Structure formats: C-alpha cells, structure tokens
Amino acid sequence: MFEFSDGATLAGSAGGVNKKGCTVPLQVLPRFLYDIFKAIRYDSRVPMSTIVITVPHAKCDPKSPREDHSCDFAAPDGAQLLNAHLKKRGKLPTLLIGNINRTYLDLNRPAAANTAFHRTIAAKLAPGGVYVDMHSFPTEGYWDQVWGQNELVLCAYFGINDIATADIAAKLRRGGIKCRVESPETLPLVKDYYLIQKFGPLARIPLMVELNESVTPERRSYAMDVLAHYLCG
Ligand SMILES: [Zn+2]
5 MFEFSDGATL AGSAGGVNKK GCTVPLQVLP RFLYDIFKAI RYDSRVPMST
55 IVITVPHAKC DPKSPREDHS CDFAAPDGAQ LLNAHLKKRG KLPTLLIGNI
105 NRTYLDLNRP AAANTAFHRT IAAKLAPGGV YVDMHSFPTE GYWDQVWGQN
155 ELVLCAYFGI NDIATADIAA KLRRGGIKCR VESPETLPLV KDYYLIQKFG
205 PLARIPLMVE LNESVTPERR SYAMDVLAHY LCG
C-alpha cells in the first residue's frame, strides 16, 4: 500500500506497483508539467484491474463530532471485507481509499475530478470490469426513518446501473439481508453522487453501496460475502 499526495491510498493492486517508474524530481517542475508527469506516471505504473472498489469518504476529521458524520465510519471496513471475500475467490481487486476529508474536498463531487483519486480510478478500471463505490450512513436522525431499517442501501441510476443494482438487491434479499434500492426518483440527493455517474458507464457491473453503520461486523461480513459471490458469478 502507498499513499498519493492528493487524495488516495491504493491497496491490493493486481500485479503490484512499480514505484521506480519515474526519476524526474517532480517538485521542481511548473504545476502544469507536474500534473502531466504525475498523470503519465500513474498510467504507466498501475496495471488495469477488473474489479475496482473506492471509498471516497474514508478520511475522518478528528475535530468534528461524530454526529456531524465527517466521514463514512463503516465504509473502509466494508470495503476491506469485500476485498477479502473477493480475494478468497481468487480475484485481485484494486481498493482505493480516499485520504482527503470531505469537508475540505469531497471526492464524490465534480470539484475532485482532477485529483489522483479520480485519475487512478480512470487508469485502473478496465473496460467491462466491476466498479463498486462504497459508503456508509448513520442511523440517527433522518436516516433512521428510511435507510436505518436496512442493513445496506444500493443506489441505482437509470441507464447506468439499474439492472445490476436490481439483480444484486434480489440476491442479497434471497440471502436474508435487508436491502433497500434508492434512485434519483425516490431520493433526489442521489443525483449529487458523482463517482458512480462518472465511472459507472465504463463498468460491466457498476454498484454504489451504502452500509448501515449500526450493523454488526459479522452481518457486514456476511453481506460482503454475498456481494462478492455475485460479483464473481
Ligand atoms: Zn459517503
């Protein structure tokens, strides 16, 4: 695992990462050349992956009270569990953990389009692959009224991932998992979720997952096992 300077930690890369791919002292270059060299370096040293998992809201703000939900508390754990269950089945996913707090720059909004986080997804996600964008939600306040009754929520975008989302929701429910499907029609807020709209069309299976933070680790692991089974099918 290594950290990018502006927004991402890359873990579990299929085929490994060559850190020696560039000998140019990037810091001395003008900004525009720096960006170009960085983009090339990412493209050349990061092999494509058939499964990419992102956690854009992983970075918490230690000064922010928990009720402000400055980060997705359960999403990193859920992504690691999904990663582990996929590896158990012989897959080598790319797990991309955001390291910018959403208060400063939300990696799930267009303002983050030029970060290393976004460039790395673009470089890693093989056409026709699987893309899973992982989030989590609290069960206090509004969320308790709707989402809180479910162990996880899947967000569908008609024309992007509605079929895959319906399929996986059915699979999860057959496995005894309480699962809700949200869409821009049922929840307009969903329209603001940028990553799935940007990268979903590139994938054969694009999913956006919201995990209930009150679910026990055992149930979360079980749900991610069922999801991994579907993604490997
Ligand atoms: Zn989130």
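Using my numbering, you'd call the opening residue of the sequence shown number 5 and step up by one each time.
Glycine included, each C-beta is placed from N, C-alpha and C at the ideal position.
Note that the coordinates shown come from a computational prediction; the quantities given were computed from them, not determined experimentally.
Between which residues of its own chain and residue i is the CB-CB distance below 8 Å, once the five residues before and five after are set aside?
i	result
Arg93	Ala232, His233 and Cys236
Mapping the DSSP letters down to three states, classify residue i as helix, strand or coil.
i	result
Phe141	strand
Ser218	coil
Ile101	strand
Leu211	strand
Phe6	Because the pLDDT of Phe6 is 37, which lies under 50, any placement of that residue in the model is unreliable, and the number read from its coordinates should be weighed accordingly. Three-state DSSP puts Phe6 in a strand.
Arg70	helix
Val194	helix
Gly132	strand
Gly1	What the structure shows of the chain is the stretch from 5 to 237, and residue 1 is not part of that stretch, so it cannot be assessed.
If I follow the unbroken alpha helix (DSSP H) through residue i, where does it start and stop?
i	result
Thr124	Ala120 to Lys128
Ser225	Pro221 to Leu235
Ile200	Tyr198 to Phe203
Arg177	Asp166 to Arg178
Asp81	Ala79 to Lys92
Which residue wins for smallest C-alpha separation from residue i, given the options the options?
i	options	result
Gly204	Leu129, Leu109 and Pro60	Leu129
Asp166	Gln149, Ile200, Leu109 and Phe141	Ile200
Met212	Asp229, Ser187, Ser218 and Arg224	Ser187
Thr190	Ser53, Val150 and Thr143	Val150
Arg224	Gly102, Phe77 and His61	Phe77
Met52	Pro131, Ser68 and Leu90	Pro131
Thr107	Pro69, Gly163 and Val194	Pro69
Leu206	Asn154, Lys182 and Ala127	Ala127
Val194	Glu214, Cys183 and Arg178	Glu214
Ile164	Gly180, Met138, His73 and Arg208	Arg208
Any heavy atom of ligand 3 within a distance shorter than 7 Å of the CB on residue i?
i	result
Asp65	Judged by which ligands are present, ligand 3 is missing from the structure shown, whose ligands are ligand 1.
Report all residues from its chain with a CB closer than 7 Å to the CB of residue i; omit the five preceding and five following residues, and keep chain order.
i	result
Asn87	Gly16, Ile57, Pro97 and Leu99
Ile172	Leu158, Leu211, Leu231 and Tyr234
Ile125	Val56, Thr58, Leu100 and Phe203
Glu217	Phe77, Ala78, Ser140, Phe141, Pro142 and Thr143
Gly102	Gly11, Ala12, Val59, Pro60, His61, Ala62, Lys63, Leu111 and Phe121
His89	Met228, Asp229 and Ala232
Could you please give the first and the last residue of the uninterrupted beta strand (DSSP E) stretch that includes residue i?
i	result
Leu158	Leu156 to Cys159
Thr54	Ser53 to Val59
Val185	Cys183 to Glu186
With C-beta atoms as the reference, is residue i less than 8 Å away from residue j?
i	j	result
Tyr197	Asn112	yes
Ala117	Asp110	no
Ala160	Val185	yes
Glu155	Lys182	yes
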